[in-house]
Structure formats: structure tokens, C-alpha cells
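Residue numbering for the sequence shown follows full-length UniProt numbering, starting at 1 and increasing by one per position.
Every residue gets a Cβ at the ideal spot worked out from N, C-alpha and C, and that includes glycine.
In this text, all values refer to a predicted model and were calculated from it rather than measured experimentally.
Have a look at the structure below before the remarks.
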Amino acid sequence: MSVLHWATLAPFFLAIFIPLLYKYVRKIHTGWIVFILPLTLFIYFLSFIPMTAAGETIKRTVAWIPSLGIHFVLYIDGISLLFSLLITGIGTLVILYSVYYLSKAKEKLNHFYLYILLFMGAMLGVVLSDNLIVLYTFWELTSFSSFLLIGFWNHRERSRYGAQKSMLITVFGGLAMLGGFLLLYLMTGTFSIREIISMADIIYADPFFVPALLLVLLGAFTKSAQFPFHIWLPDAMEAPTPVSAYLHSATMVKAGIYLVARLNPIFAEHALWFWLIGGVGIFTLTWASFNAVKQTDLKGILAFSTVSQLGLIMSLLGVGAAALHYTYLDDNIYMAATFAAVFHLINHATFKGSLFMVAGIVDHETGTRDIRRLGGLMQLMPVTFTIALIGTFSMAGLPPFNGFLSKEMFLASMVNVLSLDIFNMETWGFLFPVLAWIGSVFTFVYSMLLLFKTFTGKYQPDQLEKEPHEAPFGMLLPPLMLGALVVIFGFFPNLLSTFIIEPAAIAISPALIDAGQSFNTHISFWHGFTPELYMTIGIIVFGTFLYVTFPKWKGIYQWLPEKLGLNHLYDQSLIRTEHASRGLTRAFMTGSIRTYMVYMLSSIVGILSYSMVKKDAFAFSMENMAPAGLYEIVLGLIIIGACMTILAAKSRLTSIIALGAIGYTVALFFVLFRAPDLVLTQLVIETISVALFLLAFYHLPQISRKEERMGFKLTNALVAGGVGVIVTLIAFSALSNRSFESISKYYIENTVDKAGGHNMVNVILVDFRGFDTLFEIAVLGIAALGIYGMIKLRLSRREDS
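Here you go:
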């Protein structure tokens with residue numbers, strides 16, 4: 001394997017040793033050991049920046065399942081490198097933060113760091129994989145590991161609920177996405193993303209194209225919490241704050257963004273791709289920002305804020321896809337939408353990561369995250385307040401922070417959508433700038449609520465569980481570094497534009513570069529008096545008005561009943577599904593072996609009958625049958641008589657004797673067919689069986705009068721008759737339809753020559769099927785040892801008593 005493969009799998013290898021390190025390295029916090037790995041990986045991925053900036057790509061392949069075209073192929077270009085840097089860079093800061101946030105004495109650190117390493121490795125696998133099946137494997141591993149992280153505090157009911165909710169929704173989307181991947185394979189004959197992209201023009205007209213598009217987007221929307229699948233993310237806030245800062249600001253929730261960006265060159269030609277990504281994204285932005293305002297929990301506000309910001313990025317990717325259809329590019333504005341999406345992706349990771357850590361610090365130092373109980377913390381926690389101010393102002397899109405720059409680019413892209421004359425944009429295009437402005441207004445409002453309700457106003461010490469004070473430096477350092485990046489990227493955005501943002505944007509829209517277009521990579525604060533500037537002024541003015549008057553209009557959130565909400569719909573669907581499954585289980589799992597036999601045998605009769613009719617498999621021929629002599633006829637009549645005796649017998653003893661008669665008669669058949677070994681085997685088995693039956697039934701109560709008068713049951717007769725008829729028909733058909741020459745000829749010719757024996761049955765059992773016989777003997781030996789052990793155990797207990 002290449003170094004890139006080892007780097008991708010390194011978190012998994014370290015996760016294996018976490019329990020041992022936790023057990024034997026007691027003197028230091030486990031996080032310090034884990035911290036080294038993401039830092040090393042971050043430095044390693046930084047080394048690829050010059051190559052991707054120069055337009056180069058890196059591809060490393062390890063064969064996995066060649067017969068199915070599945071290989072462990074890792075591919076680095078601008079977009080995969082950007083996500084790799086976010087995963088390892090934010091991961092490094094989160095683990096440093098967790099060292100001070102999680103108590104070594106109170107928390108199960110071995111579990112936490114094992115889960116977070118699993119997640120880190122899975123995310124790296126998602127963003128670096130070129131093979132769709134490998135990508136899907138890592139994709140589902142992110143769902144599994146995030147389930148473990150969200151439910152880390154499993155003693156809390158809400159943590160278990162949030163973990164289950166995230167798992168059900170994201171795994172449902174993942175399965176749909178797998179269906180889309182399989183349809184892409186049916187259209188192209190390959191799982192390689194690079195090869196599928198090269199065939200995008202060919203598969204556009206394929207009837208599977210639209211279903212594949214819808215299934216892939218279902219996976220992306222569930223993972224990135226787009227409406228209406230966003231309901232899992234607020235409940236996932238029950239996870240420890242380091243988990244929220246990592247999964248829900250920079251990594252897992254952006255996996256859907258990555259999938260859309262990666263597969264954009266395949267699907268962007270279709271209008272449905274633009275409308276679904278752009279429309280769902282812009283609606284998610286507005287809906288989530290509106291709902292964020294009513295939240296009272298700091299992490300609840302940030303959760304809805306994350307959903308809103310993900311919708312913003314998704315809408316930019318949708319508008320950027322429209323550039324492939326539009327030749328007139330005024331100042332590269334449509335290409336700038338893709339550029340803005342990548343830029344805001346980075347900005348969101350910085351300011352949202354710092355804000356989650358701030359929320360964790362406030363909770364850690366005060367004992368609550370409820371903004372109704374907080375207030376007046378600015379003087380007690382000045383460093384935390386400063387970090388929060390930088391993060392919230394950037395999130396609100398205020399200068400001079402990085403969020404302002406990408407937000408202006410977002411508004412510009414939404415305004416310029418109005419000049420598009422494709423996809424019926426002349427009719428519905430106005431919704432994009434309108435919803436963008438409304439969503440930005442509420443973004444401003446919840447940002448101000450988060451900041452000022454927490455750090456200004458009246459200090460309420462009686463409402464707090466702890467006496468607040470500034471957090472230790474180790475806990476402040478990670479959000480300080482992210483806050484510093486917010487400021488640096490705000491004042492010097494072009495540090496990123498050429499080396500990070502442009503290569504990622506090119507990877508998302510390679511067709512534009514192939515057509516001779518280029519990105520305008522220069523980012524600046526001032527573009528003159530533009531529509532987006534006027535929109536920003538309106539956002540600040542109207543947002544300030546709404547913030548000041550919030551107590552007077554917040555009652556509108558009571559207008560929508562909880563019973564009409566998506567969370568209620570989700571809960572009711574689970575409850576109804578559980579009730580239905582219980583009812584179905586009670587109907588079928590009656591506890592009666594007779595009932596279960598009816599189910600199984602009826603199914604066998606139905607399936608085999610259908611198969612024989614469908615395949616026209618029934619045949620009857622007397623050619624391969626040996627003539628029946630007098631002895632065979634007499635023995636056959638004896639067996640039939642014994643079977644009828646069992647059915648008519650009113651005594652268990654009579655039934656057992658009749659059953660034994662059947663077995664002994666079969667042994668006589670073997671005598672006629674000159675198979676002495678089978679005769680001996682049959683006689684031994686029948687003798688033991690009859691003896692065991694007699695021993696067991698001797699201790700059972702006598703058959704009651706009710707049982708003696710058991711009448712005829714049509715269902716039993718039909719099932720029994722059906723099984724007998726279908727097995728007989730299959731036997732006749734198998735005998736009559738000889739597709740291949742009988743293998744018996746092979747044994748006749750080779751028994752003496754290859755095995756040196758004249759008894760064909762013994763030679764087959766000992767030589768030709770020697771391993772089969774050996775395993776059978778081993779199974780019987782194990783059973784005998786088990787029985788002997790139980791007998792000895794009983795004897796020893798008797799001796800003790």
C-alpha cells in the first residue's frame with residue numbers, strides 16, 4: 001500500500017490500541033496520545049497543496065475485489081484535499097479541546113477516542129475514495145461511528161434518542177444512495193468516479209439517470225441535514241461538545257456537501273439537479289434560520305444555525321451548476337457561486353467550530369446552556385466573550401470577518417440568478433434572492449441572541465449551577481485559534497483563494513475550465529455600491545429591529561402546533577411501526593410448533609409449485625426406472641400400512657412401534673439392493689431411535705380423551721398432502737430430467753484404481769468424501785463430549801450433596 005493508504009487507515013490502526021493505551025498509560029490523558037495522529041496527518045496533507053494548486057492530481061490504487069471492479073482507489077484533487085485538511089485540522093483542535101473538556105476520572109475516554117478515531121478514518125475514506133462502493137462503505141461507517149459518539153452519554157435518554165434518530169435517518173439515506181451508485185454502475189459498467197465523470201454525456205439520456213440522481217441526492221440531503229431530513233441534527237446536540245464541534249460544524253454534516261460537489265460534473269447537466277440542490281438548499285437556509293431564533297439552548301441555536309448554513313452552501317452549489325448551461329458569464333458570477341460555496345465551507349468550519357467550543361465552555365463553567373438563565377458573563381469570561389463575538393459576527397455576515405466576504409458572494413450569486421433564462425428561472429427565480437435575504441435576516445437575529453443573551457444583560461448567579469469563571473488556557477486555545485483564523489481569513493482572504501479555494505472549485509466544475517473559463521480568484525471587501533451591499537444594509541437594519549422587538553413578536557412560534565411538526569411525524573411513525581410489528585409478531589409467533597410447521601411447509605409447497613410451473617420443469621419418464629419385483633411391492637405396502645397405523649393409532653406406544661417398523665422395512669430395501677453397510681447403519685439408527693422414543697414417551701402423561709377424539713383437520717390434510725405431492729413430483733421430474741450424466745459411473749470406474757478399494761460406499765465415505773466424513777465425526781465427537789460433561793457434572797453434584 002502507498003503512504004496515502006496508510007495515512008487514510010492510520011486512525012483505524014490507532015483505534016485498535018486505544019483500549020490498551022487507556023489501560024496501561026495511566027499517567028497522562030489518552031487525548032494527548034491521540035492528538036499526535038491528526039496533527040501529523042494535517043501536516044502530511046498540507047504537503048499536497050503545491051501539487052493541487054498547480055492542477056495536478058494524485059491517484060493511488062490497491063486491488064480489492066477485481067472481479068467486481070472494486071478497488072481501494074484514493075484520489076486527491078482540490079476538493080478532496082480541502083476536506084482532508086478540515087477533517088484533520090479541526091480534528092486536531094477538537095481532540096486538544098477534549099483533553100480539558102472531558103474528565104479523565106469520570107468519562108470513558110477509551111470509548112470516546114476509539115469512536116472519534118473511527119469517525120476520523122471513515123471521513124477520510126469518504127472524501128479520498130474514487131470507488132463508489134468503497135466510498136459507500138466509509139459513508140456508512142461515519143453513520144455508525146457518529147451514532148456511538150452522539151450516544152456517548154448513553155445513560156441519558158435524550159442521548160440514546162438522538163443517536164437512534166441520526167442513525168435511522170442517515171442510514172436510510174445511505175441505502176438510497178447505494179441504489180443510486182448501483183444504477184450508475186449499470187449505466188457505465190464501472191464504480192470509478194473519474195471514469196463515470198468521463199462518460200457523463202453518454203449517460204445523460206439513459207432512463208436510469210434521473211432515478212440515480214434522486215437516490216444520490218437523498219443520501220446527500222439526509223447526511224447534510226437538508227429539509228425535511230434536518231430533524232436529526234438538533235437532537236444530536238446531546239453529544240459531548242467536542243463531538244458537536246467536530247461532527248456538526250466541519251465534517252460529518254458536510255459529507256453530503258462533498259457528495260454533491262464530487263458528483264456535480266455527472267449530474268449538473270440536468271435541470272432537476274439545479275432545482276433540487278438550489279431549491280432545497282435555499283428553503284433549508286430560511287426555514288432553519290427562522291427556527292433557530294426560538295431556541296433557548298446554546299447548542300440548539302447552533303444546531304439550527306448549522307442546518308441553515310449547510311442550506312446556504314447547498315444553494316450555492318446549485319447555482320454554480322447552472323453555469324454549465326449559460327454562456328454569458330458577467331464577471332464570472334456563476335462560477336463565483338461555486339467559488340463562494342467552497343469559501344463559505346471553510347469559513348463555516350472556523351466560526352462554527354469556535355462557537356460550539358464556546359458553548360461547551362459556557363456549559364462547563366456555569367452548568368447550563370439555557371440563555372434564559374445566562375447573562376452578564378462578559379466581565380467574568382472576557383476571553384470567551386471575545387471569541388464568541390468574533391464567531392457570531394462572522395456567522396451574521398458582518399465585516400471585517402471572513403463570514404462577511406462569503407456572505408456577500410452568496411447574495412451576489414442569488415441576485416444574479418435573476419438574469420438566467422433557463423430552467424423556468426424567469427418565473428420562479430425571484431424566490432432565490434428573496435429567501436436568501438429573509439434567511440440572512442434571521443441569521444443576524446439568532447447570532448445577536450446567542451451573543452448578547454449570554455454575555456450581556458443581567459447576571460443571574462442564582463440561576464447557575466456553578467460560579468462562572470474563565471476556562472483554563474488549554475480549553476481556550478482551540479477556539480482562540482479558530483477565532484484567529486476567522487480574523488485572518490477576513491483580512492487576508494487571498495491566502496486561501498489561489499492555493500485552496502480555486503483548486504477545489506475547479507474540481508467541482510471541471511467542464512468550465514475545459515471550456516476556457518477561469519475563476520476570478522481575487523477576494524476583497526469593497527466592490528462598490530452593489531445590490532448585495534444594499535441587501536446587507538437591509539439585513540443589519542431590519543435584523544436589529546427584529547432583535548430589539550423580539551419579545552413582542554416571538555409569539556408567532558406558537559402558531560404552528562407541535563402535532564404538525566416533522567419531529568412529531570417522526571415519533572409517530574416509529575410508534576406506529578413498533579405497534580404494527582408487535583401485532584404482526586403476535587399474529588404469527590403463536591408459540592405452537594404445529595403452526596410454524598404449517599407456515600414453513602405451506603411456503604415450501606407454494607414456492608416449489610410456482611417454480612415448477614414457471615420453469616415448465618415437470619416431467620415424467622419410466623426410462624430410468626428399474627422394474628419393481630414382488631418383494632419391493634410387498635415392502636412398499638408394509639411401509640404404507642405402517643404410516644396409516646401411525647395416523648390412526650390412539651396409543652403413543654403403537655405409534656412408536658409403527659414408526660420403527662417403517663425404519664426396519666427400509667433396511668430390508670437396502671438388503672434387496674445389496675448394500676450391507678447401509679443395512680447395518682439403518683438398523684443401528686432405528687434401534688437407538690425407537691429406544692430413545694420409548695424412554696422419553698414413557699415419562700409423558702397418557703393421551704387424554706380429548707386428544708383421542710381429535711377430529712379431521714382440513715388444513716393439516718391439505719398441507720401434508722401438498723408436501724407429499726410436490727416432493728413426489730420433484731422426485732419424478734429429477735429422475736426424468738437428466739441434464740448431466742450420472743456421477744455413479746465415475747465412482748464405478750475409479751473406486752479401485754484411485755482408492756484401492758472394492759466396497760464403493762466405504763471408498764466414497766473415507767476417500768472421495770473424506771473431509772465431509774471427518775467433520776461429521778468431529779461434530780458427533782463434540783456432542784458426545786458435551787453429553788459426557790453434563791453427566792459428569794450431575795454425578796459430581798450428587799456426590800457433593
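Proximity to Gly-375 [Cα-Cα], best of Gly-538, Leu-310 and Thr-454: Thr-454
Integer Cβ distance of Phe-119 from Thr-142, believed to fall under 8 Å: Between Phe-119 and Thr-142, the beta carbon gap of about 6 Å places them in contact (Cβ cut-off 8 Å).
For Thr-549: DSSP bridge partner residues: Answer is none; Thr-549 lacks a bridge partner.
Those runs of the alpha helix (DSSP H) which lie wholly inside the segment 64 to 146 and span at least 4 residues: 78 to 101 and 109 to 128
Three-state class that DSSP yields for Ser-2 in the structure shown: coil
Whether Arg-372 touches Lys-299 by CB criterion (8 Å): Contact: no.
Per DSSP, the bridge partner or partners of Ile-58: Ile-76
For Ser-651, three-class secondary structure by DSSP: coil
Distance, Met-481 Cα to Phe-17 Cα: 30 Å
C-alpha distance - His-29 paired with Gly-367, whole-angstrom precision: 23 Å
For Asp-616, the three-state DSSP class (helix, strand or coil): coil
Minimum length 4: unbroken alpha helix (DSSP H) runs contained in the segment 273 to 313: Entirely contained in the segment 273 to 313, not one alpha helix (DSSP H) run reaches 4 residues.
Sequence-distant residues of its chain with Cβ nearer than 6 Å to Asn-110 (five each side left out): Ile-18, Pro-19 and Tyr-22
Sequence-distant residues of the same chain with beta carbon closer than 6 Å to Thr-338, five excluded per side: These residues qualify, in order along the chain: Gly-320, Ala-505, Ile-508 and Ser-509.
Buried/exposed call for Lys-713, threshold 16 Cβ in 10 Å: Classification for Lys-713: exposed.
Opposing strand residues paired with Ser-192 [DSSP bridges]: Asn-131
Alpha helix (DSSP H) segment containing His-579, residue limits: 566 to 588
Cβ-based neighbour list, Ala-7, same chain, cut-off 7 Å, excluding 5 preceding and 5 following: Leu-41 and Tyr-44
Option in Pro-265, Phe-620, Val-690 and Phe-673 with minimal Cα separation from Arg-652: Val-690
Rounded distance between the beta-carbons of Leu-14 and Leu-37, thought under 8 Å: 5 Å
DSSP state of Asp-677 mapped onto helix, strand, coil: helix
Residues near Gly-318 by beta carbon distance below 7 Å, same chain, minus five either side: Phe-274, Ile-277, Gly-278 and Gly-281
Distance, Ser-249 Cα to Thr-306 Cα: 7 Å
Minimum C-alpha distance to Ala-642 - residue among Tyr-664, Leu-630, Ala-784 and Pro-228: Tyr-664
Of the listed residues Leu-182, Ser-159, Ala-176 and Met-177, nearest to Leu-68 (C-alpha basis): Residue nearest to Leu-68 within the set Leu-182, Ser-159, Ala-176 and Met-177 is Leu-182 (criterion: CA-CA distance).
Integer Cβ distance of Leu-285 from Gly-311, believed to fall under 8 Å: 4 Å
CA-to-CA distance, Asn-716 to Val-725, given in whole angstroms: Roughly 14 Å between the two C-alpha positions.
DSSP three-state assignment for Pro-19, whether helix, strand or coil: helix
Reduced DSSP category for Thr-327 - H, G, I as helix; E, B as strand; rest coil: Any reading at Thr-327 must be qualified, since the residue scores a pLDDT of 44, below 50, and its modelled position is unreliable; the value itself is stated next. The answer is coil: DSSP assigns Thr-327 none of H, G, I, E or B.
Coarse secondary structure for Asp-370, derived from DSSP in three states: strand
8 Å CB neighbourhood of Gly-174 in its chain, flanking five on each side removed: Tyr-136, Trp-139, Glu-140, Ser-143, Gly-219, Thr-222 and Lys-223
CB-CB length for Ser-166 against Ala-236, believed under 8 Å: 5 Å
C-beta contact flag for Gly-11 and Leu-82 at 8 Å: First, the amino acid is wrong: residue 11 is Pro here, not Gly. Their beta carbons are not under 8 Å apart, which means Pro-11 does not touch Leu-82 by this criterion.
Own chain, CB closer than 7 Å to Lys-458, minus 5 neighbours either side, in chain order: Gly-375 and Gly-376
Met-252, DSSP secondary structure in three states: helix
Alpha helix (DSSP H) segment containing Leu-765, residue limits: Looking at the DSSP string, Leu-765 is not in any alpha helix (DSSP H), and its letter there is neither H nor E.
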